[in-house]
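In the order they appear, the protein sequences are chains A and B. This note's numbering puts the first residue of the first sequence at 97, with every later residue one more than the last. This note's numbering puts the first residue of the second sequence at -11, with every later residue one more than the last. Every residue, glycine too, gets a C-beta built ideally from N, C-alpha and C. Every value quoted in this text rests on a predicted model; they were computed, and no experiment measured them. Taking it in order: structure first as structure tokens, then the write-up.
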Amino acid sequence: MATPLSARMPAGGGAASFAGYRAAGGYLGLARARELGAPAVQEAVKASGLRGRGGAGFPTAMKWAAVPPPDGGERYLVVNADEKEPGTMKDRYLMEGDPHQLIEGLAIAATAIGAGTAFIYLRREYTRCALELEKAVGEARVAGLLEGLRLHLHLGAGRYLCGEETGLLNAIEGKRAVPRNKPPFPQVSGLWGRPTVVNNVETLCNLPHIMREGPEWFKALSASSDGGTKIYGASGWVASPGLWELPLGVSAGEVLERAGGMHPGRALRAFLPGGASTDFLPASKLDVKMDFDSVAAAGSRLGTGTMVVLDDRTCPVGMVLSLERFFARESCGWCTPCREGLPWVRRSLEALESGEGEMGDIEILEHHARSLVPGRTFCALAPGAMEPLASALKLFREDFEDHVARKGCRYK
Amino acid sequence: MSVANIIVDGKPYSIEGAESKNLLEACLSLGLDLPYFCWHPAMHSVGACRQCGVKLYKDEADARGRIAMACMTPVVNGLRASIEDPEARAFRAGIIEWLMVNHPHDCPICDEGGECHLQDMTVMTGHVRRRYRFEKRTHRSQDLGPFVAHEMNRCIQCYRCVRFYRDYAGGKDLDVQGWHDSVFFGRTEDGALESQFSGNLCEVCPTGVFTDKVQASRPTRKWDLRTSPSVCPHCAVGCSTLPGERYGELRRVRPRYNADVNGCFLCDRGRFGQAFADSGDRLRHCLVKEAGGQVPAPREAAIAAARAALSKPGAIGIGSPRASLETNFALRSLVGADRFFVAISDGELALHRLMRDVLRAAGRRVASPREAELSDAVLVLGEDVWNGAPILALRLRQASRNAPNETAMREKRIPAWDDAALREAVQDRPGPFFVASPGPGPLDECAEASYRAAPDDIARLGYAVAAFIDPTCPAPEGMGEEREALARRIASALMRAKRPLVVSGSGLASAALVGAAAAVLSALVAAGQDARICLVFPEANSLGAAMLAAGGLESAARLLAGAPEPAALVVAEADLSRAAVRGDGPSLMALAVATIVLDHSPSATSREADLVLPAATLLEGSGTFLSFEGRAQRFIALRPCEFPVQDGWRTLDELAAPGREPRSLDGILAAIASELPELAAIVDAAPPSTFRMLGKKIPRGARRESGRTSMHANLDPRDPDPRLDPDSGLAYSMEGAIAAPPSLLSRYWAPGWNSDQSLHKFQSEVGGALRPSAAGEGAEIGARIFGGETGRAALRELAFGGAGAGAPGIPAAFARRGDALLVLPRRFAFGSEELSAKSPALATRIPEPRLFICPPDAARLGLTEGASAEIRFEGADSVPQVLRVAISDLPEGVAELPWGLPALPGAPLASWAAVRPSKEAAR
Ligand SMILES: Cc1cc2nc3c(=O)[nH]c(=O)nc-3n(C[C@H](O)[C@H](O)[C@H](O)COP(=O)(O)O)c2cc1C
Ligand code: SF4
Ligand code: SF4
Ligand code: SF4
Ligand code: FES
């Protein structure tokens, strides 16, 4: 089974070296991309069926195609390396283990859209990534591989919303990290009002391989209609949490298998297939194929592909509370439903957990789950925050009611 | 302009100019009620609050629809929407419920109560019961200075305050801080808000976070305020105001919407400056000078004394740029046209007349503030618009974004109302906007290029621009390459523009600058451009006074000195000591056999007078100011005069024609129109006193006014008859007509819309002109006296100094005179204007007088920041002034001295002075 994204990572940890990366064919993809020119790169990526790995699964080539033709002015590529979704650590894995792969990938993307400047917006806590990237950028630069590209490593100041692509652009500009309305899309009016593409780390890491091995090869890697492999993850009470590169579209059960199944003495109750802002799927759906369309059909989202499991000895209300605490804290404060709604959700859940809950609180939770949906809130944060809550209210309704009835949590 | 046919709640509507409208604006313009918070008519949409959610349907077959924000939805043909859809209604009520999560239950003690947009919207959505049962977030509020109170717990995070303060008005010291449900709108620390537009936060904020601190000292609900349409007396822009009073006291001043002049806003001078009218030292009695000083006298005695003094031939009158046209005219009629002067120096008057001539020749090309805001290329020649004409500056600030906005709208297909996206696309890349001035100022940040130079050099730049546009214009010699390149760049920017504008004025006391502005305008017109001009006058009625006066103070003194017999001097609403003439003020009074002063506030002049007759301020009197664009605008008394105070013009008319009833305002206006045909339009500035709506007068009081009958019950338990108003179509009553024509509109209120956001109910469409109340009535407020075809030849003659009249022509390059500095007047938003400086709140914001000089001059003269400097004006007989030095970015050889500060009255205009270190402490 081919694992192009992780193949070069040293077994004992640490990062793939520059020499090692080049020896394995590194930067040939970039050379090829430069040789082919922007339209052909876009064509190849389109043919590869690559969909964005940042959470929304938007076809990468289609995103690029929305960039207007060059007008002589600046255009930007931005690498979204903010990764703050609870339960998600795949981008860190890729940057720590093989930084050159990202640098080559971003250089290919810059070629594809004609960007002269690229930013890596890196979560500040990822200090090892920063060190590895800095070193790798230096190496690539000295080797003359980054000619024609100004590359900035920008350490974020730490907000979940800085990962939302337009909030991220505001953050780079030194403004408050609140999202922007679309349209205009960043491709048309992004950083400093100029054409900009924001891509996720994992998305970009696929590009060197697509360029080197070709779109057909890339498509064949996948077990689904979308191309490539995926860095899947599992966390929670599994036997051994971790990350694994698998064909896109393996089943959730296979991912769980990689984690050695559940922790001894714990049974799977449900799982968030793609990180904190996806709907719970019950254990019965373990056979769902972990690709964008299949997970959506099952009633959740592939998201970042890093699943979080809920076992039978963990309180679902407590788990949702822990997530909603995060989301309420991370609301950017721009739009009313999210800014005021999420703290209310948090407080209602806290009341349930601490035994002060009332039946009305569950109604309030349902009201929010119904109301904080796309289009009603300004950005996707609040709707994302509602996905675990809404699904928990459906799947574990009796647990919520039990908290009211017994004035407390039976798992404690 | 495209027309879109849309369907709202099943009803078809056709929307004109759809491409520049969003659905919220369209709905409000149609008279449909749709709640909103973050949208604002002047600042447009950002989509933050989510209050304006409606249902949108894809097509006829779509029965489910989806909720979308009306303010972020472009109006396109075929759009189907529902406001009344139950799900949309529930959503909007839900938004209010969320906003109420943290909102305190303090309406009864909140100064916004009764005119609160949040209250109105809450009622509109039907949200009534609070389900939230947990703790609320709280904030510590700040002391933001004398104007604006702060109660952050009431905040609903609509972001309008920071969008106004920072984006719209360019303020720096108010911002949003914090995150999630703890977002704070304030300064980083306590302290007075720095922006001179801070008062607008009171209306921009839809809740009681920012409220009028001056009003809070004597709180009054909106429904208890009596209001009347008025005009700001504190500069020549002539913003429309809505002062409000209770128990005879001025409680507040609010902006009165005037699409052409001030739109929705006022500057802080206009808003907080009028407290002078309630000052304890107001002149409220007739005073007669006796051996021991001035003593109160009965009115009949005072009038008799005045008549006696005036019975001797040769009396002369001194009118005032801060008095109404009517008062000036009545004095002119009393003493005779050739004996009527204005209380400014001959030099200033000559400059004002030159400006008047340029405006006259410019005709329809004189820009209203609105037209100025619509310009897409601007050249400011010398004038400090920011401090001298604040609202014009605010509008110019918006103009600087027009060209880049238009590009972004075209290239990125961003709608005109998408404020955040436009700002993002444009960033702070300014459009073709050029500021030439001696020192730096806040408009520089709007400018593509700023040019720092002495007035003569700025004028030369202007003339060079004109010569590049119209090669038949003479060009200044020896400009140097750099300046020539700048002039060429400005010229081509003005030529590329669709609506270029040149701005100058009297602020630097330079006729050359006015000439240069005229030259640029004439060149643009010759080149076929749809160009406009603004010339900023210093005071509310400077232009009006210049149109009436035979001369300035020096001429008056000459006439008085040369009179065969000593004659009387009548001064109307002026303090001669403030005029920029040295020595002539007091000597004028010394020359007169008797000085009669009519004024509302005491001054150095009134204190010396032999006879003082108390005059009304614009709050008790009515009259007309002629603004800098020649717009005659009527202010109508807010409260009746208390005997013996009366309108200046009424007293003067009484003195002029003993035995006949003094004329009413209409009578005076008719006399002005017949005697001065150019001013005939002033009659139309507002409807006459006979105006009635369906037989009724327009009430000053609100229909809900409480305690009307008990207000004076301690004095007289009977319900007194309302006082009569002989001068306008307004009544001192709560009863009367419901509608009013635009220039008499005295309050904004509509069912369900208690706050001033009800404005759109009075507009023809959102953001547009006020809706006429009857057929045939104009929508414009006031009447413009200039408007004819542009006299190109006349303009050119004025610019290049033709037959004696006009500007001096192209000046020589500025050259220093040895060690002397050219001292220019610097205007301050707070303090330079006479009346507002008497307002207690505003007085705290008046800066200490300083002498501003540039670092090289300071070094050469041995002066440092804060050091005492002695300033001795060339040829001046007065004692030298000692002031502290402030180092400022000025051209070498040029210094600036505050103009008109109470601590420094009568600063000479643009004079050479010797400056040296002083051992004396500065005042
Ligand atoms: C609240 C929020 C947080 C997000 N955080 C991240 C993030 O940390 N990293 C990321 O790649 N995408 C994040 N996204 C998704 C981005 O907005 C965007 O879709 C993505 O970076 C696009 O990259 P792709 O097309 O390569 O998937 C976030 C979205 C939201 C709404
Ligand atoms: S949903 Fe609204 S408040 Fe929440 S993060 Fe997005 S824009 Fe900010
Ligand atoms: S202070 Fe007022 S204007 Fe500012 S965000 Fe709060 S409610 Fe809105
Ligand atoms: S001072 Fe001038 S700009 Fe300010 S409100 Fe009054 S008229 Fe308008
Ligand atoms: S008014 Fe439309 S979202 Fe605020």
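Would you say the region 434 to 449 of chain A touches the region 473 to 482 of chain A, given that touching needs at least three Cβ pairs under 8 Å? Yes, since at least three Cβ pairs between the region 434 to 449 of chain A and the region 473 to 482 of chain A fall closer than 8 Å, the two stretches touch.
What separation, rounded to the nearest whole angstrom, lies between the Cα atoms of residue 380 (chain A) and residue 490 (chain A)? A direct Cα-to-Cα measurement between residue 380 (chain A) and residue 490 (chain A) gives close to 15 Å.
Look at the alpha carbon of residue 573 (chain B) and the alpha carbon of residue 258 (chain B), and state the distance between them as a whole number of angstroms. Its pLDDT being 49, under 50, residue 573 (chain B) is placed unreliably in this model, and the value from its coordinates should be taken loosely. Cα-Cα distance, rounded: 28 Å.
Using a beta-carbon distance cut-off of less than 7 Å, what residues from the region 282 to 298 of chain A approach chain B? Within the region 282 to 298 of chain A, the residues whose Cβ lies closer than 7 Å to some Cβ of chain B are 284, 285, 288 and 289, listed in chain order.
Would you say residue 160 (chain A) reaches chain B, if we count a Cβ-Cβ gap shorter than 8 Å as a contact? Under the Cβ criterion of 8 Å, residue 160 (chain A) is not counted among the residues facing chain B.
Could you confirm whether any beta carbon from chain B is found closer than 8 Å to the beta carbon of residue 433 (chain A)? Interface flag for residue 433 (chain A) against chain B is set, since a Cβ pair is found closer than 8 Å.
With a cut-off of 8 Å, does the C-beta of residue 424 (chain A) fall near any C-beta of chain B? Answer yes: the Cβ-Cβ gap between residue 424 (chain A) and chain B drops below 8 Å somewhere.
Could you check where the alpha helix (DSSP H) with residue 86 (chain B) kicks off and where it finishes? Under the DSSP assignment, residue 86 (chain B) falls in the alpha helix (DSSP H) whose first and last residues are 74 to 89.
Over what stretch of residues does the alpha helix (DSSP H) that includes residue 189 (chain A) continue unbroken? Segment 186 to 193, the alpha helix (DSSP H) holding residue 189 (chain A).
Would you please state the rounded distance, in angstroms, between the beta carbons of residue 891 (chain B) and residue 837 (chain B)? I believe it to be under 8 Å. Under the criterion of beta carbons closer than 8 Å, residue 891 (chain B) and residue 837 (chain B) qualify as touching, at roughly 5 Å.
Please state whether the Cβ-Cβ distance between residue 88 (chain B) and residue 10 (chain B) is less than 8 Å. Not in contact: residue 88 (chain B) and residue 10 (chain B) (Cβ atoms no closer than 8 Å).
If we define contact as Cβ-Cβ less than 8 Å, is residue 254 (chain A) a contact residue for chain B? Not one chain B Cβ lies under 8 Å of residue 254 (chain A).
Check each residue of the region 467 to 482 of chain A: if its Cβ is closer than 8 Å to any Cβ of chain B, include it; give the result in chain order. Against chain B - using a Cβ distance shorter than 8 Å - the residues of the region 467 to 482 of chain A are 467, 471, 472, 473 and 474.
Does the Cβ-Cβ distance between residue 348 (chain A) and residue 307 (chain A) come in under 8 Å? Result no, Cβ atoms of residue 348 (chain A) and residue 307 (chain A) do not sit closer than 8 Å.
Name the chain A residues that come within less than 9 Å of residue 393 (chain B), Cβ to Cβ? Per Cβ cutoff of 9 Å: no residues; residue 393 (chain B) is ~11 Å from chain A at best.
Would you kindly report the start and end of the unbroken beta strand (DSSP E) that includes residue 45 (chain B)? Per DSSP, residue 45 (chain B) belongs to the beta strand (DSSP E) from 41 to 45.
To the nearest angstrom, how far is it from the Cα of residue 300 (chain B) to the Cα of residue 548 (chain B)? Rounded to the nearest angstrom, the two C-alpha atoms are 13 Å apart.
Out of curiosity, what's the CA-to-CA distance linking residue 397 (chain A) and residue 390 (chain A)? Between residue 397 (chain A) and residue 390 (chain A), the C-alpha separation is close to 9 Å.
Does the beta carbon of residue 474 (chain A) fall short of 7 Å from some heavy atom of ligand 2? Relative to ligand 2, the beta carbon of residue 474 (chain A) is positioned inside 7 Å of a heavy atom.
Checking contacts by CB at 8 Å: is residue 116 (chain B) closer than that to chain A? Answer no: the Cβ-Cβ gap between residue 116 (chain B) and chain A never drops below 8 Å.
Kindly identify the DSSP beta-bridge partner or partners of residue 897 (chain B). Per DSSP, none; premise fails for residue 897 (chain B).
Ignore the nearest five residues each way along the sequence and tell me which others in residue 261 (chain A)'s own chain have a CB closer than 7 Å to its CB. If you ignore the 5 residues before and after residue 261 (chain A), its C-beta comes within less than 7 Å of the C-beta of 176, 282 and 294, all in its own chain and listed in chain order.
If you measure beta-carbon to beta-carbon, which residues of the region 384 to 413 of chain B are closer than 8 Å to chain A? Of all residues in the region 384 to 413 of chain B, those with a C-beta nearer than 8 Å to a C-beta of chain A are 396, 400, 401, 402, 406, 408, 409, 412 and 413, reading in chain order.
Taking the CB atoms as reference points, tell me whether residue 93 (chain A) and residue 448 (chain A) lie closer together than 8 Å. Here chain A has residues from 97 to 508 only, and residue 93 (chain A) is not among them.
Verify whether the separation of the beta carbon atoms of residue 713 (chain B) and residue 542 (chain B) is less than 8 Å. Against a cut-off of 8 Å, the Cβ pair of residue 542 (chain B) and residue 713 (chain B) comes out as no contact.
Residue 217 (chain A) lies in the beta strand (DSSP E); which residues open and close that run? Residues 213 to 218.
Measuring CA to CA, which of A:335, A:350, A:466 and A:505 is closest to residue 327 (chain A)? Selected option, being the one with the closest Cα: A:350.
Consider the C-beta atom of residue 144 (chain B) and the heavy atoms of ligand 3; say whether any pair is separated by less than 7 Å. At least one heavy atom of ligand 3 falls within 7 Å of the beta-carbon of residue 144 (chain B).
Rounded to whole angstroms, what is the Cα-Cα separation between residue 106 (chain A) and residue 136 (chain A)? Just so you know, the alpha carbons of residue 106 (chain A) and residue 136 (chain A) end up roughly 33 Å apart.
Beta carbon of residue 190 (chain B): closer than 7 Å to some heavy atom of ligand 4? Flag unset: Cβ of residue 190 (chain B) not near ligand 4.
Report back the beta-carbon spacing between residue 150 (chain B) and residue 163 (chain B) to the nearest angstrom; my notes put them in contact at under 8 Å. Indeed they touch by this definition, with Cβ atoms about 6 Å apart.
Determine the closest residue to residue 626 (chain B) out of B:2, B:237 and B:224, with distance taken between C-alpha atoms. When only C-alpha atoms are compared, the closest one is B:237.
Should residue 131 (chain A) be flagged as near chain B, meaning a C-beta pair shorter than 8 Å? Cβ-Cβ to chain B under 8 Å: no for residue 131 (chain A).
Say yes only if the C-beta of residue 254 (chain B) is nearer than 7 Å to one or more non-hydrogen atoms of ligand 4, and no if none qualify. Checking every heavy atom of ligand 4 against the Cβ of residue 254 (chain B), one is found closer than 7 Å.
Ignore the nearest five residues each way along the sequence and tell me which others in residue 118 (chain B)'s own chain have a CB closer than 7 Å to its CB. Only 88 meet the Cβ criterion.
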